[in-house]
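According to the UniProt record's numbering, the sequence shown is numbered sequentially starting from 1.
Glycine included, each C-beta is placed from N, C-alpha and C at the ideal position.
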Amino acid sequence: ERRFAVLLGALLSSQTKDQVNNAAIHRLHENGLLTPEAVDIADESTIRDLIYPVGFYARKATYMKKIAKICLVKYDGDIPSSLDDLLSLPGIGPKMAHLILHIAWNDVQGICVDTHVHRICNRLGWVSRPGTKQKTSSPEETRVALQQWLPKEEWVAINPLLVGFGQMICTPLRPRCETCSVTKLCPAAFKETSSPSS
Numbered sequence: 001e002r003r004f005a006v007l008l009g010a011l012l013s014s015q016t017k018d019q020v021n022n023a024a025i026h027r028l029h030e031n032g033l034l035t036p037e038a039v040d041i042a043d044e045s046t047i048r049d050l051i052y053p054v055g056f057y058a059r060k061a062t063y064m065k066k067i068a069k070i071c072l073v074k075y076d077g078d079i080p081s082s083l084d085d086l087l088s089l090p091g092i093g094p095k096m097a098h099l100i101l102h103i104a105w106n107d108v109q110g111i112c113v114d115t116h117v118h119r120i121c122n123r124l125g126w127v128s129r130p131g132t133k134q135k136t137s138s139p140e141e142t143r144v145a146l147q148q149w150l151p152k153e154e155w156v157a158i159n160p161l162l163v164g165f166g167q168m169i170c171t172p173l174r175p176r177c178e179t180c181s182v183t184k185l186c187p188a189a190f191k192e193t194s195s196p197s198s
């Protein structure tokens, strides 16, 4: 049951602020909808209402129903324990799959790279496209490049460390370089950015 709740929490978290996600999970819990059995029999409109206003809530409600059915049929009510099987679930991408493996199964197979980690690693010059000095173009490219040099024992710690930093200091637009303690080490310091992807 806990592992299924972890999976749902990860699914709902994308494009959603933490407090909104936490409130949605709390409402699902209050209504007994954190098991694959309960989600499978629940009305999709009920799920939609409970998870609103998470980002893409209607699509995620559909994904929840499909995932619950898959978990019941293929995994005897549990969740997949391999990266490939998690990635085969609707709405689950590499970042979420690595996060779920770590939290639900205590299995670290890769770094969880979201937009904050992707942006900061590129700004600091920690990653580049293979054989070039160009920035990586996606969180998945960043994950692969970062894993090539970052010791595995640091793979879990890097995400929460950089996410908070990216939310408060190294923001997508107008980063707060003047308050940053690593400005002297940052090639991108004080260079105004023009798009959230940088």
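By the criterion of at least three beta-carbon pairs nearer than 8 Å, the region 88-97 is in contact with the region 107-121. Contact between residue 68 and residue 36 holds, with the beta-carbon distance rounding to 4 Å and staying under 8 Å. Annotation for residue 57: the continuous alpha helix (DSSP H) segment containing it runs 57-74.
Going by DSSP, residue 54 is part of no alpha helix (DSSP H) at all; its letter is neither H nor E.
Measuring C-alpha to C-alpha distances from residue 138 to each of 149, 151, 122 identifies 122 as the nearest. Here residue 135 is buried. Its C-beta has 16 or more other C-beta atoms within 10 Å. In the structure shown, residue 176 adopts coil according to DSSP, grouped into three states.
Between the alpha carbons of residue 16 and residue 54 lies a distance of about 5 Å. Taken through DSSP and simplified to helix, strand or coil, residue 108 comes out as coil.
The DSSP-derived three-state label of residue 13 is helix. Taking the Cα positions, residue 188 is about 7 Å away from residue 124. In the DSSP assignment, residue 41 falls within the unbroken alpha helix (DSSP H) covering 36-41. For residue 50, same chain residues with a beta-carbon under 8 Å away, outside a window of 5 residues either side, are 24, 27, 28, 31, 33 in chain order. By the neighbour-count definition (other C-beta atoms within 10 Å, threshold 16), residue 133 is an exposed residue.
By the Cβ-count criterion, residue 58 is exposed, with fewer than 16 other Cβ atoms from all chains shown falling within 10 Å of its own Cβ. Per DSSP, residue 19 is one residue of the alpha helix (DSSP H) stretching across 18-30. Its Cα nearest to that of residue 71, the residue 86 stands out among 150, 86, 141.
Cβ-Cβ distances below 7 Å link residue 176 to 169 in the same chain, with the five nearest sequence neighbours on each side left out; the list follows chain order. Cβ neighbours of residue 105 within its own chain (closer than 8 Å, five residues either side excluded): 3, 81.
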